[in-house]
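Residue numbers (my numbering), protein chains in the order written: chain L, 1 to 323; chain U, 1 to 434.
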């Protein structure tokens, strides 16, 4: 046994090596170099097919006269962009989008963090309450919109009837611009506040409890603890939620589209958001070129907002680094 | 050898994933195309035909009947909630060249739009169906080179629905013949009677300016686009006159209940007795009956301001992309047969467009219990005979009319604009369409 085993390696190192490198060795070298790329390739293949290609193609469509059914027409350069930017619809939709976004995101984050703080306290039937806040999230947006558009109906809606009882004039929830934004933001908040609260709650649970102990030994009350311990520790989570709700807010579609029976954002575009405008141009007016131009502009706006977000985050996170 | 195997596994996994994704894409297509899963047209083979409609066509029982007549055919009914949504869906599937149902219903207001793409539809011209419809109904669906795009289903001859109880309270006649005599005349006369009514009642005269507009514009022979396709909507004095007339009546004379048609408020308005009359094409009877459930006093008068008027009516088309064009055409032929159209009328009140059906005893004898047993068959046959022409609707009719409806809503429902500023916005909207 021992002689054969000493002989074998010698034989192997003496002659077969070139063959080996040619076969297993080269394969294993490829393996080392290529495998990692293959492992991550599904993401990139997916990204190229479903993400990058449509993105680039949208840009291509945006510089052509493009009909939904007839397809590609002539090259028109920047005409679609000047049409979109020159019309009153785009600017109005942009204003509406931001107005609804601010009206929904700001109260949402504040409410979510407050609810999370309450859920983080020592409650009875904790799981019940925690699941409870998620309930609105699992209700289909269509159902939410149906219920809310009845609540916010102008003439015979529940809210106008209620405020009528205390002598307030009915509010034109569909007719006027700001009330319609408030109504839509209410739907968005109803749906997303609980979801965000749960994310905050998860982050709060990760805060070491001894920090609170120390704080209460130092004589800090519950409210002081919340602002001096909880909120600073939540900073990364707050940043995450602000970014996700920004992107979601700029793309708001469902709630606004289902707010009335036509889904076009009101007779005067009172609550027409950028995505509804895009849909209207593409599917109703059949003008894909113009819709693509709007999509490209929306993309640029989101990029700009993303950069602003990034700068603000850097600003917020500097004190932490200094410390 | 182990690393090698891993490499192969990874490669295989990647390929498999890519393939399965591609397969998913294909699968989704097939799912929406429903008929693809049956393998061929060969006789006796099971095939599934999809029929896409919207609102109420009254086809539920008919489709079951067709299945029982043909052992190898299963019919699937896809129903959109509004005509607008059906239009968007059809545009989409024509654009993608897949996903359309075997039979797609098209509303007359957007038929012209789809007539621009005759290649996307099967030619349904067939000696077997010649002379079946009123001429104007067939002409509207025939291209210049004689290709027939769709088979006519229903029409929308209009009468006036009214609340006899509210009429009585306001001291107006309640009998449907007397009401017909009272309202006989042009639109101005209809509005004048409304002023008398409103002075003596809490309710408004009509539901919304939008609905009334539909009746008025459908009596204009050339409204928004001339024969050459030129958009004249913003310069046509006839359009502007009607616009001013309807808004003066609605807002200045307070005849309108200001309820945006099809809105939640509009539906509630039926229960709140907020208006006394409305324009009623045949298919509207089912809508009223649904929204005004439990309200008594609705009746229908054999009269329409300004003569006859048609609102709506549809066609069944067969998109050329389907796998079972022949079978679909056979089903469409059967569904639009006068005999079947009478059954649809009995089911949902959709008024037939077939010449033969108009003489049907069943149709003439039919009454509607909800509308105080009104002889609706007789009334709507009269109203259909009062229609003398079909207005010319250009390819942009739908978009322009939508913009005009928005203009009316801003003044009548939202109150955010007056007639003049709202008109300016309408002009801007139409110019932006280009």
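For each residue, glycine too, the CB sits at the ideal point set by N, CA and C.
DSSP bridge partner residues for residue i (one or two, in chain order)
i             : result
residue 206/L : Per DSSP, none; premise fails for residue 206/L.
residue 316/U : 105/U and 151/U
residue 300/U : 161/U
residue 70/U  : Answer is none; residue 70/U lacks a bridge partner.
residue 47/U  : 73/U
residue 311/L : Note: residue 311/L sits in no beta bridge, so no partner.
residue 133/U : 354/U
residue 72/L  : 66/L
residue 279/U : 160/U
Contact with chain L by residue i, beta-carbon distance below 8 angstroms
i             : result
residue 124/U : no
residue 418/U : no
residue 414/U : yes
residue 26/U  : Caution is warranted here: a pLDDT of 37 is assigned to residue 26/U, below 50, making its placement in the model unreliable, and the coordinate value is therefore given only provisionally. No, its Cβ sits nowhere closer than 8 angstroms to a Cβ of chain L.
residue 430/U : no
residue 343/U : no
residue 410/U : yes
residue 91/U  : yes
residue 120/U : yes
residue 399/U : yes
residue 202/U : no
residue 390/U : no
residue 98/U  : no
residue 214/U : no
residue 117/U : yes
residue 31/U  : Note that residue 31/U scores 37 on pLDDT, short of 50, meaning its location in the model is unreliable; the coordinates nonetheless yield the value given after this. Chain L, which has no Cβ nearer than 8 angstroms to the Cβ of residue 31/U, makes this no.
residue 283/U : no
residue 272/U : yes
residue 459/U : Absent from the structure is residue 459/U, since the part of chain U shown begins at 1 and ends at 434.
Proximity below 8 angstroms, CB of residue i to CB of residue j
i             : j             : result
residue 187/L : residue 255/L : yes
residue 191/U : residue 249/U : yes
residue 273/U : residue 295/U : yes
residue 198/L : residue 133/L : yes
residue 133/U : residue 354/U : yes
residue 405/U : residue 213/U : yes
residue 68/L  : residue 91/U  : yes
residue 172/L : residue 179/L : yes
residue 152/U : residue 138/U : yes
residue 390/U : residue 281/U : no
residue 118/U : residue 79/U  : no
residue 349/U : residue 364/U : no
residue 182/U : residue 193/U : yes
residue 49/U  : residue 123/U : no
residue 277/U : residue 205/U : yes
residue 62/L  : residue 292/L : yes
residue 232/U : residue 225/U : yes
residue 47/U  : residue 327/U : yes
residue 92/L  : residue 269/L : yes
Cutoff 8 angstroms: residue i Cβ touching any chain U Cβ
i             : result
residue 172/L : yes
residue 169/L : no
residue 373/L : No answer is possible for residue 373/L: the residues shown for chain L start at 1 and end at 323.
residue 88/L  : yes
residue 51/L  : no
residue 68/L  : yes
residue 324/L : This structure gives no information on residue 324/L, because the portion of chain L shown stretches from 1 to 323.
residue 78/L  : no
residue 153/L : yes
The ligand FAD heavy atom lying under 7 angstroms from the CB of residue i
i            : result
residue 68/U : Questions concerning the ligand FAD fall outside what the structure shown contains, since it holds no ligand whatsoever.
Listed by chain order, chain A residues near residue i by CB distance under 7 angstroms
i            : result
residue 94/U : Among the protein chains in the structure shown, which are L and U, there is no chain A.
Using Cβ-Cβ distances below 7 angstroms, what residues of the region 132 to 147 of chain U are close to chain L? Among the residues of the region 132 to 147 of chain U, none has a Cβ less than 7 angstroms away from any Cβ of chain L.
Quick one: complete beta strand (DSSP E) runs, 3+ long, within the region 137 to 186 of chain U? List check, beta strand (DSSP E) in window: 150 to 163.
Could you name each continuous beta strand (DSSP E) segment of 3 residues or more that falls completely within the region 172 to 257 of chain U, going from the start of the chain to the end? For the region 172 to 257 of chain U, the full-length beta strand (DSSP E) segments reaching 3 residues or more read 204 to 206 along the chain.
Could you run through the region 284 to 300 of chain L and flag, in chain order, every residue whose CB is less than 8 angstroms away from some CB of chain U? Listed by position, the residues of the region 284 to 300 of chain L near chain U (Cβ gap below 8 angstroms) are 284, 285 and 286.
Counting only runs that start and end within the region 29 to 69 of chain L, where is the beta strand (DSSP E) found for 3 or more residues in a row? As far as the region 29 to 69 of chain L is concerned, its whole beta strand (DSSP E) runs of at least 3 residues are 64 to 67.
For a minimum of 4 consecutive residues, which ranges assigned as the alpha helix (DSSP H) are wholly contained in the region 318 to 375 of chain U? Within the region 318 to 375 of chain U, the alpha helix (DSSP H) runs of at least 4 residues that lie entirely inside it are, in chain order, 325 to 335, 338 to 348, 355 to 358 and 361 to 365.
Within 9 angstroms of chain U by C-beta, residues of the region 173 to 198 of chain L in sequence order: Of all residues in the region 173 to 198 of chain L, only 174, 175, 176 and 177 place a beta-carbon less than 9 angstroms from a beta-carbon of chain U.
Going along the chain, which residues of the region 251 to 267 of chain L sit with their C-beta nearer than 9 angstroms to a C-beta in chain U? Listed by position, the residues of the region 251 to 267 of chain L near chain U (Cβ gap below 9 angstroms) are 260, 261, 262, 263, 264, 266 and 267.
Uninterrupted alpha helix (DSSP H) stretches inside the region 177 to 207 of chain L (no shorter than 4 residues): Every alpha helix (DSSP H) stretch that sits fully inside the region 177 to 207 of chain L and reaches 4 residues is listed by chain position as 177 to 205.
With 8 angstroms as the C-beta to C-beta threshold (strictly closer), list the residues of the region 220 to 237 of chain U near chain L in chain order. Here the close residues number zero.
Counting only runs that start and end within the region 139 to 173 of chain L, where is the beta strand (DSSP E) found for 3 or more residues in a row? If we require 3 residues or more, the region 139 to 173 of chain L turns out to have no beta strand (DSSP E) run fully inside it.
Between the region 305 to 318 of chain U and chain L, which residues of the former have CB atoms less than 9 angstroms from a CB of the latter, in chain order? So nothing in the stretch comes that close.
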